[in-house]
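Read the structure below first, then the notes.
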Amino acid sequence: MPVFQYEAMDNTGLEVKDTIEAPSESEAQDLIREKGFYVTKITERTKKKKKKSNEKQQQGRPQNKQTFTIGGVSAKKLTMFTRQLSTLQDAGLPILRSLRILEGQEKPGALKNSLMGVIEDVESGNTLSEAMAKQPKAFDNLYVNMVKAGEAGGALEVILQRLAEFKERSQSLKRKVKGAMIYPCAVITVATCIVGFIMYWIIPKFKDIFEDFGVELPQITVVLIETSNWVVSYWYLIPVIPFSLFLMVKLIKKNKTGAYIVDRVMLKIPILGKIIQKSTIARTCRTLGTLIASGVPILEALSIARDTAGNEVFRKAFDHIHSSIREGESMAVPLRETRITDDMVVNMVDVGEETGALDNMLYKVADVYDEEVSVLVEGLINLLEPIMVVVLGLIVGFIVIALFMPLVKLLNDLS
Numbered sequence: 002m003p004v005f006q007y008e009a010m011d012n013t014g015l016e017v018k019d020t021i022e023a024p025s026e027s028e029a030q031d032l033i034r035e036k037g038f039y040v041t042k043i044t045e046r047t048k049k050k051k052k053k054s055n056e057k058q059q060q061g062r063p064q065n066k067q068t069f070t071i072g073g074v075s076a077k078k079l080t081m082f083t084r085q086l087s088t089l090q091d092a093g094l095p096i097l098r099s100l101r102i103l104e105g106q107e108k109p110g111a112l113k114n115s116l117m118g119v120i121e122d123v124e125s126g127n128t129l130s131e132a133m134a135k136q137p138k139a140f141d142n143l144y145v146n147m148v149k150a151g152e153a154g155g156a157l158e159v160i161l162q163r164l165a166e167f168k169e170r171s172q173s174l175k176r177k178v179k180g181a182m183i184y185p186c187a188v189i190t191v192a193t194c195i196v197g198f199i200m201y202w203i204i205p206k207f208k209d210i211f212e213d214f215g216v217e218l219p220q221i222t223v224v225l226i227e228t229s230n231w232v233v234s235y236w237y238l239i240p241v242i243p244f245s246l247f248l249m250v251k252l253i254k255k256n257k258t259g260a261y262i263v264d265r266v267m268l269k270i271p272i273l274g275k276i277i278q279k280s281t282i283a284r285t286c287r288t289l290g291t292l293i294a295s296g297v298p299i300l301e302a303l304s305i306a307r308d309t310a311g312n313e314v315f316r317k318a319f320d321h322i323h324s325s326i327r328e329g330e331s332m333a334v335p336l337r338e339t340r341i342t343d344d345m346v347v348n349m350v351d352v353g354e355e356t357g358a359l360d361n362m363l364y365k366v367a368d369v370y371d372e373e374v375s376v377l378v379e380g381l382i383n384l385l386e387p388i389m390v391v392v393l394g395l396i397v398g399f400i401v402i403a404l405f406m407p408l409v410k411l412l413n414d415l416s
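Take any residue in the sequence shown, note its place counting from 1, add 1, and you have its number in the numbering used here.
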């Protein structure tokens with residue numbers, strides 16, 4: 002009968018290592034659960050290599066078939082994988098079998114390659130968190146540390162469920178913001194193309210007409226024709242200029258001081274700055290609350306939340322909070338000193354620390370700020386629509402007036 006070597010957690014959270022005889026791995030899992038243990042790792046001691054090769058042959062897959070990919074795993078795919086893994090673990094399937102199921106149904110790509118690496122490492126005896134840490138393209142520090150906390154506490158399925166909910170909420174907020182920006186971006190793009198067409202093709206024809214009749218042009222028409230001449234001569238600069246500005250900002254943000262200045266300026270922009278600030282607070286609070294609820298130490302949780310902020314101003318604030326807590330202070334005091342949030346957040350964090358429900362308070366803060374971001378985005382879109390109409394009306398009006406003033410004068414002269 003096969004002998005299985007396993008690692009498990011008892012009811013008190015202590016780690017247990019032992020061996021057990023059973024006809025199959027699933028029956029071994031059942032026997033271990035009957036002892037009151039939660040299995041974190043199980044492997045067959047004998048005929049291990051033969052079993053692996055037989056499984057791969059049965060599945061009709063080659064031993065190494067990773068494909069070449071560029072970039073990492075998209076947030077959408079990782080969110081779906083986390084939810085599916087959480088469901089399989091909640092159903093009681095062994096972690097290795099769950100990973101094989103998800104890897105088998107995944108299409109070739111970065112996530113499939115990462116899962117193949119995770120499966121190989123878990124089969125070699127590594128824990129799930131250790132195997133995921135070797136795949137940074139798919140699993141970041143937040144993901145790895147939460148899985149590690151779940152393994153240590155013997156509640157991996159609960160942690161995966163929290164992680165899935167966290168990622169689904171983050172994806173939902175991103176979809177709302179992106180979906181709201183589609184309409185204004187489409188209108189601006191179409192308007193730019195139409196105005197560019199008028200400047201490149203229509204204005205030069207009117208210019209030839211005016212020159213043939215020798216009409217004295219008013220200043221507004223001269224400005225329009227000079228603008229048209231510039232567009233005809235240097236049209237390639239129209240896409241180059243915004244791309245160059247974007248590239249310059251990216252290069253500036255490579256430097257820590259430059260990134261801080263850029264992020265500080267972005268936070269000062271009306272409405273848009275509020276959206277950036279509140280979405281960053283919502284994301285970091287939800288991250289921090291999820292980590293604390295999962296049993297990750299507060300200092301380590303702060304370091305991970307700082308890395309997920311994506312804003313140098315908030316990173317600096319989290320560094321200050323981290324240093325203060327390490328010196329023995331509470332979280333609310335340095336949070337108030339950083340002035341990155343309003344008093345409501347500070348007071349809720351203070352109450353959460355006093356009542357021992359900091360994770361729940363952080364969840365509530367994240368929910369409130371998610372809702373405020375949605376309202377701000379909707380307000381920004383509602384504000385952009387009349388602004389775009391007015392700006393486009395002014396541009397069209399300027400072109401019409403600049404063209405018709407010489408035409409009216411020409412008609413008067415001819416009459």
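Backbone N, C-alpha and C define an ideal beta-carbon position, used for all residues, glycine too. Nothing here was measured: the structure is a model prediction, and the numbers come from that model.
Classification of D371 by the beta-carbon crowding that lies within 10 angstroms, buried from 16 upward: Position 370 of the sequence shown, counting from 1, holds the residue named residue 371. With 16 or more other Cβ atoms within 10 Å, it is buried.
Sort V123, P219, E386 by Cα distance to F399 and report the nearest one. The residue you call residue 399 lines up with position 398 of the sequence shown. Here the closest residue by C-alpha is P219.
Leaving aside the five residues before and after D414 along the sequence, list all residues of the same chain whose C-beta is less than 6 Å from its C-beta, in chain order. Here the question's residue 414 lines up with position 413 in the sequence shown. Cβ neighbours of D414 beyond the five flanking positions: none.
Using a Cβ-Cβ cutoff of less than 6 Å, which residues in the same chain neighbour I239 once the five nearest sequence positions on both sides are dropped? As a working note, residue 239 is residue 238 in the sequence shown. Cβ within range, chain order: n/a, list empty.
Alpha carbon to alpha carbon, what distance is there between L268 and K275? Here the question's residue 275 lines up with position 274 in the sequence shown. Here the question's residue 268 lines up with position 267 in the sequence shown. In a straight line, the C-alpha of K275 is about 7 Å away from that of L268.
Measure the CB-CB distance between L143 and G151 and report whether it falls below 8 Å. By 1-based counting over the sequence shown, the position of residue 143 is 142. By 1-based counting over the sequence shown, the position of residue 151 is 150. No, these two residues do not count as a Cβ contact at 8 Å.
First through last residue of the beta strand (DSSP E) which encompasses T20: Position 19 of the sequence shown, counted from the first residue, corresponds to residue 20. Note, T20: beta strand (DSSP E), 16-22.
Let's test the definition: count the other Cβ atoms within 10 Å of the Cβ of Q106 and tell me whether it reaches 16, buried, or not, exposed. For the purposes of this step, residue 106 is taken as residue 105 along the sequence shown, with counting starting at 1. Per the 10 Å Cβ criterion, exposed.
Classify G353: buried if its beta carbon has 16 or more other beta carbons within 10 angstroms, exposed otherwise. Within the sequence shown, numbered from 1, the residue matching residue 353 stands at position 352. When all chains shown are included, G353 counts as buried.
What first and last residue would you give for the alpha helix (DSSP H) that runs through K257? By one-based count along the sequence shown, residue 257 stands at place 256. That run of the alpha helix (DSSP H) goes 257-269.
Does the beta-carbon of L384 have 16 or more other beta-carbons within 10 angstroms, so that it is buried, or is it exposed? As a working note, residue 384 is residue 383 in the sequence shown. L384 is exposed by the Cβ-count criterion.
At 4 residues or longer, and completely inside the stretch 138-180: list those alpha helix (DSSP H) runs for me, N to C. 142-154
The stretch 164-174 / the stretch 72-85 touching (three or more Cβ pairs under 8 Å): yes
Excluding the five sequence neighbours on either side, which residues of its own chain have a C-beta within less than 6 Å of the C-beta of I272, listed in chain order? For the purposes of this step, residue 272 is identified with residue 271 of the sequence shown, where counting begins at 1. Around I272: L381.
Going by other Cβ atoms of all chains shown within 10 Å of its Cβ, with 16 needed for buried, is R62 buried or exposed? Reading the sequence shown from its first residue, position 61 is the one you call residue 62. Per-residue confidence for R62 stands at a pLDDT of 43, beneath the threshold of 50, marking its modelled position as unreliable; the derived number appears in the next sentence. Answer is exposed; the Cβ neighbour count stays below 16.
What is the C-beta distance between L112 and S280, in whole angstroms, given that I count them as a contact (C-beta under 8 Å)? Residue 112 sits at position 111 when you count from the first residue of the sequence shown. Residue 280 sits at position 279 when you count from the first residue of the sequence shown. Contact flag wrong, Cβ pair sits at about 26 Å.
K53 versus T44 - alpha carbon distance: Looking up residue 53 in the sequence shown gives position 52. Looking up residue 44 in the sequence shown gives position 43. Residue placement at K53 is poorly supported in this model, since its pLDDT is 44, which falls under 50; the coordinates still yield a value, given next. The alpha-carbon atoms of K53 and T44 are separated by roughly 11 Å.
Assigned secondary structure, I253 (DSSP; H/G/I helix, E/B strand, else coil): Here residue 253 is taken as the residue at index 252 of the sequence shown, counted from 1. Three-state result, I253: helix.
Y7, DSSP secondary structure in three states: Indexing the sequence shown from 1 puts residue 7 at position 6. The answer is strand: DSSP assigns Y7 an E or B state.
How is I43 classed by DSSP in three states: helix, strand or coil? Position 42 of the sequence shown holds residue 43. Strand.
Between which residues of its own chain and E56 is the CB-CB distance below 7 Å, once the five residues before and five after are set aside? For this step, residue 56 is matched to residue 55 along the sequence shown. For E56, the predicted model reports a pLDDT of 47, less than 50, meaning its position is unreliable and no value from the coordinates is stated.
Using the three-state DSSP reduction, which class does E354 fall into: helix, strand or coil? Position 353 of the sequence shown, counting from 1, holds the residue named residue 354. Note: E354 maps to helix in three-state DSSP.
Among I102, G290, E104, which one has its Cα closest to the Cα of D360? Counted from its first residue, the sequence shown places residue 360 at position 359. When only C-alpha atoms are compared, the closest one is G290.
Excluding the five sequence neighbours on either side, which residues of its own chain have a C-beta within less than 7 Å of the C-beta of V178, listed in chain order? As a first step, residue 178 must be located in the sequence shown, where it is residue number 177. Around V178: V378.
Could you give the C-beta distance for L412 and F214, rounded to a whole number, given that I count them as a contact under 8 Å? One-based indexing of the sequence shown puts residue 412 at position 411. One-based indexing of the sequence shown puts residue 214 at position 213. Incorrect: roughly 10 Å between the Cβ atoms, too far for contact.
Find the nearest neighbour of T258 within the set R316, V223, T288, judged by alpha-carbon distance. Indexing the sequence shown from 1 puts residue 258 at position 257. Of the candidates R316, V223, T288, the one whose C-alpha sits nearest the C-alpha of T258 is R316.
CB V123 to CB L116, shorter than 8 Å? Along the sequence shown, one-based indexing puts residue 123 at 122. Along the sequence shown, one-based indexing puts residue 116 at 115. It is not a contact, given that the beta carbons lie outside the stated cut-off.
Please classify I33: is it buried, with 16 or more other beta-carbons within 10 angstroms of its beta-carbon, or exposed? As a first step, residue 33 is located in the sequence shown; it is residue number 32 there, counting from the start. So I33 ends up on the buried side.
Span of the alpha helix (DSSP H) around M389: Taking the first residue of the sequence shown as position 1, residue 389 is located at position 388. Counting along the chain, the alpha helix (DSSP H) containing M389 begins and ends at 359-415.
For a test of the three-state rule: what should DSSP assign to M2, helix, strand or coil? Against the sequence shown, residue 2 aligns to sequence position 1. Coil at M2, not helix or strand.
Rounded straight-line distance, which links the Cα of I388 to that of F207: Numbered from 1 along the sequence shown, position 206 holds the residue referred to as residue 207. Numbered from 1 along the sequence shown, position 387 holds the residue referred to as residue 388. Cα to Cα, the separation comes out at about 29 Å.
Using the Cα positions of K49 and K138, report the straight-line distance between them to the nearest angstrom. In the sequence shown, the residue the question calls residue 49 occupies position 48. In the sequence shown, the residue the question calls residue 138 occupies position 137. Summary for K49: the model assigns pLDDT 41, below 50, so the residue's position carries little reliability, and this model does not support an answer.
Whole angstroms is fine: what's the gap from D1's alpha carbon to A333's? Since the first residue shown for the chain is 2 and the last is 416, residue 1 is missing from the structure and cannot be characterised.
Are the CB atoms of D264 and Q162 nearer to each other than 8 Å? Taking the sequence shown and counting its residues from 1, one reaches residue 264 at position 263. Taking the sequence shown and counting its residues from 1, one reaches residue 162 at position 161. The answer is no: Cβ separation not under 8 Å.
Throw me the rounded Cβ distance for the A310 and T285 pair, which I believe falls under 8 Å. For the purposes of this step, residue 310 is taken as the residue at position 309 of the sequence shown. For the purposes of this step, residue 285 is taken as the residue at position 284 of the sequence shown. Their Cβ separation, rounded to whole angstroms, is 5 Å, which keeps A310 and T285 in contact under 8 Å.
Taking the beta carbon of K149 as the centre, do at least 16 other beta carbons fall within 10 Å, making it buried, or is it exposed? Taking the first residue of the sequence shown as position 1, residue 149 is located at position 148. K149 should be labelled buried.
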